[in-house]
Every structure is written in structure tokens, then in C-alpha cells.
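Protein chains in written order, with our numbering: chain A, 8 to 632; chain B, 419 to 681. Report on the structure given below.
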């Protein structure tokens, strides 16, 4: 009784598992490519028919729902009988055999299955029993022979092992039926039931493992394994725990408590089993790399990538072996981001790296080996990796942008400084220049020696101004330039112009922005001297006040009123250029101050910061000199 | 007017001796030119021109106090010779001269270019009708140049008193009243001077915070206004410190109300 109960449990669990397995196989085959794989479809169908039939024929009987139905059983056994034929057929397709061998062997296989079916049906209808023992023997013997034939035909071929193992498994499924041949007596042991009626389960698993290794393992194998393990656990408990317990101590409170505890622990075991199954599938069945580690390695590598291209290459290099893809290539994509990061079809996948700014990048993962499809955790990993790369590229781009902006700003500053210098040159130029040339013209007629001297001064001045591409010069150099300028203006204005320069020698080494003083002197001469009938004085002086340098240019010209000065300055002529440059250099708003009194003259002062180091070196040079 | 052997009678004015001498030296090489004199500033130039009455005056554009344009303004209309300006570099001026067909020479002066000016002056002198026209042209050029904004505000206005030229500081001017082509300036010491200027042009060269226009024909110094009387019809009358009254035009009344009479 107990044995029979155990056998019934095995039957129930076995047929349900079988139905689930073959439904999944069917579904996989259908969703893969049903048109080109009719044999796989047929395999699934037959396996499903066997398990469904078996469930109907045995399981329901065991559960006590219906009486035994010989025709249904016969149909189920016939399905099982065709299974090896289909398997042999598909094995022949894969194996390298001649056309004749192929046709002959396939015909024999189908003929044997057909004969077995007829025999099963005949027995069921005439004798009311199924299956026909003769049919089973015939199938076992016939397919055993075919297996040997295949073994001989395919020796030395690459796919031989795979083909033969499938055929062997299907033959085993049929032949194992003998073991439970007297099952109807109901006296079979549970292990005999398992081996006899459920030998088709390994076949399904084998086919799945070989043909749909990656595609199905994800959604199927982990759950199926967990389910099988759970089923095994339940069954083990029943056989080794519950049965002895109930036999020794039926219906006691202690037994109920133990049963309850077992039931609870079974339920609690499921998550663990699921994890264990997942681990087993990943590590052993799929031999997949550890994605968590892959991601952390990738993120470490990405940190060292300085360009988007390097980051993308790194990602491709890391992913190709992990996904067992033949090639992973990336390209720029200016399209808007797709709805999901990962899109896949049967044999390839496209992963979009959605960076903040365009262009995005597109990874094409092509030719996944082993008919592999991307599983949910592959996709999760791809998304994670794509996200990592996208963030890295964003960072790299931002960094680059900032760097470029810095460069650009520097460039602009340099250009602005150059432009200002150019503008200054232009301001020095026309009026002064033509007047200077006129002066020289006059001197040529009256004092050729002086004309030559003035000409040399003028060319020296022009060279000095035009060469002022460096932003900084020493005060001494600036004064040399001013002296050249003054020489020319003296020749022009003669005794109307009197210049006094009061700059201590040690200050002449301080570096200041080029052309900071000369425009002030030119301005003083333009407004102070040339607009005065009697001419006037121009005083240039420099003083060191704590940490700043005060340079003043004073003229005794006619001077201007405050509003006239405002008007003149608002027009931006003359000193505004100098003021702007100095403002940036000294970081004060008013580096240049103009004071003017009508009738008394004008004073222009500039203040420049002096570095502490420069003051110290001045002190030293003052002592030593 | 005695012309010695048909020579063109020329005066020059430049405050910079080298430039002046350079110009004079070239002129002396022209046999058909008689250099009557050299002025070292604008005021001297006016005196020189009026005493010598030359055919052509070569005036430096940039001179202290009274520049080349100032000389033209100060000259009596019937004493105006042909004028050519000399300048080192002044875009605004050059444009104004070109537009009005007024002759100009750039420094350093080239002998051949100066020759053209002399020849052109000769041609023009032969046509009497051109002479009067030339005066207008020069004045128009001066106006254009000032309107172009190339010139700073006036600090002192050169005026003629008898045969001399006086510089009147603008701060001393109480009122400026137009009469035809002339302007009458009245000072705080109750002197009056007459200059040849358009009121509009002069107004553009006065500090707007210090002078206010009352009508088409009058500008007064704001500091010299004693009171402002409201008249019927929203008009005003301005009373100055010297008790003279100035009616304010309708347009200026409105401006006055908006600008001056608001706290």
C-alpha cells in the first residue's frame, strides 16, 4: 500500500513535471523558429502527449478520479513510441550521412513507431490493456539497432556525441517502460515507476540543454530545477519521514506537530532551493561569469578611460566573452533614445548607451553562440554596464568640455589682451605718426643730422609699440619707449613741451603691463600741450606705496571741467583702453584716476599691485647698489 | 588790391614750427606764390588774414584755443579768403571737407599735392561767383564736422572785440541770443559779443547741464536764472539775474517743465 502510494505520488509529480517541461519546450520551439524546426516541435508535441496522456491515464486513476482508459493510454504510449523516431530523424538531419542512409534509417524509425502504434491501439481496443508488450519490445530492439547503426555511421563526426546521446536517451525512455510493465497490478515500487514512466523527463531536459541552453535555462531551468528539487524534497520526506512516522505512531499529536514542522520547513526551503538552482544554472550549466564582479571590474576599468571611445572599447572587451558573442561593435547614434536600453531579436541585441548629450552610442551584439538569447539577468547586466559607460562618457565629456572651456577662456583672454594692445598701437599711430613725419620732413631741410636721429627714434618707437605682444615690460623698458616718443614730440613742439621724469632707479625693474604709461604721456601732450598756446610741463613720476605702485602723469595744460571730462571719457577715447587693461590686472575698479582743474592742468594716476617678492628683491638691490 | 605780378598771395597758420616751416619751405619753391605771412596760432591767423587779405589761407586744423575751423568762424564774411585745411589725421574732418568740396591737404605735405591746391585756388579765383559760394561751402563743412561729433565741448568761446580776439569762458556767459546768422553773447559783466555761429551748432558744443535752450533763438546759463514765471496757457517766462526776461516757447516750456521744474 505504501509502495503503491509512493508510486502514485511519483506518477503525479512526474507527469506534471513532464507536462510542464514539454509545454515549455514547445513554447520555446514555437517562439524560436517553428518553421525551420518542425522536428523539434514534433518532439515537444509527442513528449507533451505522452505526459498528458500518462497523467490522464495513470495520474487520474491514482488520484481516484476516473477508471483506467486503455485507448488514452495507448495513444500516450504511441506518442512515446514516435518520440525516438522523431529524435532519430532529427539526429539524421544533423549527422553527416548520405541521402540513402538518411532516407532508409528515417523510414525504418517511423515504420517501427507506426507498427508499435498500431499494436498498442489493437491491444487497447481488443484486450482493453495498454501498452502492448510486444510493441515495447519491438521499439526497444529496433531503436537499439538504429542507435548502433547511427553509432557506426557517425563515427568520427563532431556532433556525434550530441546526436547519439539524444537518441540513446529516447531509446532509454521507451525501453524503460519494461520496468513498469506490470504497473497495472499496482504493486510496483516508486523508483520503478520513476524509471519506467518518467524516463522522458531527462530527454526533455537534454534537448533543452543542448538546443536551447541559454534561451530556456533562464526562464525554465532555474525554476524547473528548483521545482524538481522541491518535488524531490517532498517526496523524500514522504518516503523517509512521514511514512515511517505514521507507521510507528499513526494519528498522534506528535505526528501532527512533526508533519506541520516538515510542511513549514518545506515552504521555507523554497527560496534557498531557488537560489541554489540559479547558482547551479549560472555556474555549471551556463558556465557564466559572475555579473556582479564583471560590473565592478568594468566600473574600475572605466574610471581609467579618458575618452568615450576608450570607455566603449572597454565595455565591448568586457562583454564579448561574458555573453559568448562573436562580435560586439559600437557605433555613434544620433537618434533619440529608444524606449529601452536593450533591444534584442533572435540572434543579436542592440544596447543603447544613453548619454546625457548626443551622440548616443549603439552596441550591436551579434551572433550569440549556442543559440543563446539574452536572459533577464543578461539584460539587467547590459543595462547596468550601459549605464556605467554612459555615466563615464558623460563625465569624460563634461571634463573635456570644462577643459576646452578653460582653454578657450585662456585663448580669449590672450586674444583680448592682444586686441587691446593692437588697439593701443592704433591709438598711438595715425595722428602722432603723421605729425612726426612732418617734423622729420622739416628737419631734413634744416638739420639733416637731427632728422636722422628723430627718424631713428621714430622707428625705434614704432618697433617698440608694434612688438609689444608680450603683456609685461619693466618700467625701465616702458620709459625707454616714452623717451623715444618724447624726443619726437619735443622736436615737434619745441620749447612748448617740457618733460620731467622722476622714477627712482630701483623701481625701473618692476614689471608692469606693456604700454600702461605711454598712453598717459601721449594723452597729457595731446590735451595739455597741444591745446595750450604757451605749452606746458609734463611730469612723470613713480612711487612705491606699501604694496602698490603709484604712477602719475601730470600736465599744466588748460585742464577741463568735470562734466567735459566725463563726456570725453564716456566716449571711450584715450585712456579707457588702458583703464580696462589695468582693471583686470589689478582687480580694482578704479586703477586709473583723472583729476583736472580748468586752467591748472590735469593729473592722471594709476595704481598697480606689486608682488611682495618683487618688493623684497627691490630692497636687496637697493642695499647692494 | 595790388597783386604783385599775378602771384597767388598765401598765408599759413600752424602752431607747430616744424610743420609750419616745412609748409613754408615748399611754398617758397613755387615761383607763382607769394607767402605773405605765417601765423603761429588761430588768433594770429585771423589778424593776419584780415590785415593781409590773402587769396588763399592754409590753416592747420589742430591749433590751441582757435583752430582752423575757429579761424573761419571768426573771419568777417567779406574778408574770407579761399581756404584749404591742413591736417595730420582726422577722419571726420576729411569726410566733411570732401562732402562740401572744401580743399584739404594731409601732413606731411607733399609738394605736388600742394601744387594742385595752388592751381585749384587760381582757377577758383578767376570765377568771382565761386568765391562767395566757397565761403558757404567752408561754413557748411565746419557745421558738418561739428555735427559729426568729433569735437570736444567748448570751454572758451573765441570772440572778436574790435580787432582783437578774446576768449570768453563759457562759465561767464549768461545768455546767447540769435539774430539772423549771428549770435549775441552776454556775459556776467554785462558785456556783449557777437559771433557767427548757428545756435544749434553752438548748443551742441555747450554742456547740457549748464545751459538750457528757451526757444529757437535763445540759450541761457542755468545758474543765472533767478526765477521762472508761469504764464497763461502753460507757458513760462524766465527771469535772469540781470532782470532780463525771456519768453519760453511752447515746446521748450514742456521740456523745461519736465527737466528743470521737477524735483
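Glycine included, every Cβ here is placed at the ideal spot set by N, Cα and C.
Three-state class that DSSP yields for residue i in the structure shown
i, result
"residue 304 of chain A", "helix"
"residue 192 of chain A", "Because residue 192 of chain A sits at a pLDDT of 45, beneath the cut-off of 50, its placement in the model cannot be relied upon, and the point is left open."
"residue 545 of chain B", "coil"
"residue 557 of chain B", "helix"
"residue 478 of chain B", "strand"
"residue 485 of chain A", "helix"
"residue 21 of chain A", "helix"
"residue 333 of chain A", "strand"
"residue 341 of chain A", "coil"
"residue 639 of chain B", "strand"
"residue 162 of chain A", "coil"
"residue 540 of chain A", "coil"
"residue 272 of chain A", "helix"
"residue 91 of chain A", "helix"
"residue 422 of chain B", "A caution first: residue 422 of chain B carries a pLDDT of 47, below 50, which makes its placement in the model unreliable, though a value can still be read off. Helix."
"residue 676 of chain B", "helix"
"residue 350 of chain A", "strand"
"residue 531 of chain A", "helix"
"residue 615 of chain B", "coil"
"residue 96 of chain A", "helix"
"residue 507 of chain B", "coil"
"residue 517 of chain A", "coil"
"residue 511 of chain A", "coil"
Rounded straight-line distance, which links the Cα of residue j to that of residue i
i, j, result
"residue 47 of chain A", "residue 97 of chain A", "8 angstroms"
"residue 562 of chain B", "residue 640 of chain B", "28 angstroms"
"residue 422 of chain A", "residue 585 of chain A", "16 angstroms"
"residue 667 of chain B", "residue 635 of chain B", "10 angstroms"
"residue 508 of chain A", "residue 558 of chain A", "11 angstroms"
"residue 418 of chain A", "residue 478 of chain A", "14 angstroms"
"residue 364 of chain A", "residue 330 of chain A", "28 angstroms"
"residue 192 of chain A", "residue 99 of chain A", "Confidence is the limiting factor: at residue 192 of chain A the pLDDT is only 45, short of 50, which leaves the residue's position unreliable, though a coordinate-based value still follows. Their Cα atoms are separated by approximately 39 angstroms."
"residue 529 of chain A", "residue 571 of chain A", "19 angstroms"
"residue 9 of chain A", "residue 244 of chain A", "Legend: pLDDT at residue 9 of chain A = 44, less than 50; position of this residue unreliable, value from coordinates given subsequently. In a straight line, the C-alpha of residue 9 of chain A is about 14 angstroms away from that of residue 244 of chain A."
"residue 140 of chain A", "residue 389 of chain A", "54 angstroms"
"residue 27 of chain A", "residue 211 of chain A", "10 angstroms"
"residue 62 of chain A", "residue 54 of chain A", "12 angstroms"
"residue 189 of chain A", "residue 273 of chain A", "Note that residue 189 of chain A scores 48 on pLDDT, short of 50, meaning its location in the model is unreliable; the coordinates nonetheless yield the value given after this. Straight-line Cα distance between these residues: approximately 33 angstroms."
"residue 447 of chain B", "residue 545 of chain A", "38 angstroms"
"residue 302 of chain A", "residue 312 of chain A", "15 angstroms"
"residue 36 of chain A", "residue 29 of chain A", "10 angstroms"
Residue nearest to residue i in terms of C-alpha spacing, selected from the options
i, options, result
"residue 172 of chain A", "A:480, A:213, A:557, A:531", "A:213"
"residue 508 of chain B", "B:497, B:493, B:490, B:478", "B:478"
"residue 613 of chain A", "A:604, A:606, A:605, A:583", "A:583"
"residue 500 of chain B", "B:492, B:471, B:480", "B:471"
"residue 568 of chain A", "A:554, A:601, A:402", "A:601"
"residue 160 of chain A", "A:588, A:300, A:327, A:106", "A:106"
"residue 543 of chain A", "A:501, A:525, A:334", "A:501"
"residue 495 of chain B", "B:543, B:658, B:613", "B:613"
"residue 489 of chain A", "A:90, A:526, A:453", "A:526"
"residue 527 of chain B", "A:424, A:332, A:441", "A:441"
Cβ separation of residue i and residue j, assumed to be a contact under 8 angstroms, to the nearest whole Å
i, j, result
"residue 566 of chain B", "residue 514 of chain B", "6 angstroms"
"residue 18 of chain A", "residue 207 of chain A", "Going by Cβ atoms, the distance from residue 18 of chain A to residue 207 of chain A rounds to 13 angstroms, so no, they are not a contact pair."
"residue 560 of chain B", "residue 491 of chain B", "7 angstroms"
"residue 433 of chain B", "residue 498 of chain B", "Going by Cβ atoms, the distance from residue 433 of chain B to residue 498 of chain B rounds to 21 angstroms, so no, they are not a contact pair."
"residue 51 of chain A", "residue 33 of chain A", "4 angstroms"
"residue 445 of chain A", "residue 437 of chain B", "5 angstroms"
"residue 584 of chain B", "residue 605 of chain B", "Rounded, the Cβ-Cβ distance is 10 angstroms, inconsistent with contact."
"residue 338 of chain A", "residue 305 of chain A", "Contact flag wrong, Cβ pair sits at about 20 angstroms."
"residue 554 of chain B", "residue 619 of chain B", "Going by Cβ atoms, the distance from residue 554 of chain B to residue 619 of chain B rounds to 15 angstroms, so no, they are not a contact pair."
Proximity test, residue i beta-carbon vs the ligand NAP heavy atom, cut-off 8 angstroms
i, result
"residue 678 of chain B", "This structure lacks the ligand NAP, and indeed carries no ligand of any kind."
(message) Does the structure place the region 646-658 of chain B close enough to the region 511-531 of chain B that three or more beta carbon pairs sit under 8 angstroms?
(response) no
(request) Could you tell me whether the region 229-249 of chain A touches the region 80-87 of chain A, where touching means 3 or more Cβ pairs closer than 8 angstroms? (result) no
(request) Would you check if there are 3 or more beta carbon pairs closer than 8 angstroms linking the region 451-460 of chain B to the region 423-438 of chain B? (result) yes
(request) Count the CB pairs spanning the region 529-540 of chain A and the region 558-568 of chain A that are closer than 8 angstroms, and state whether there are at least three. (result) Under the three-pair Cβ rule at 8 angstroms, the region 529-540 of chain A counts as touching the region 558-568 of chain A.
(request) Spell out a yes or no on whether the region 479-497 of chain A and the region 508-515 of chain A are touching, meaning 3 or more CB-CB pairs, one atom from each, closer than 8 angstroms. (result) yes
(request) Decide yes or no for the touch test of the region 391-399 of chain A against the region 358-374 of chain A: beta carbon pairs closer than 8 angstroms, at least 3 of them. (result) yes
(request) Mind the definition here: the region 107-119 of chain A touches the region 88-95 of chain A only if three or more C-beta pairs lie below 8 angstroms; say whether that holds. (result) yes
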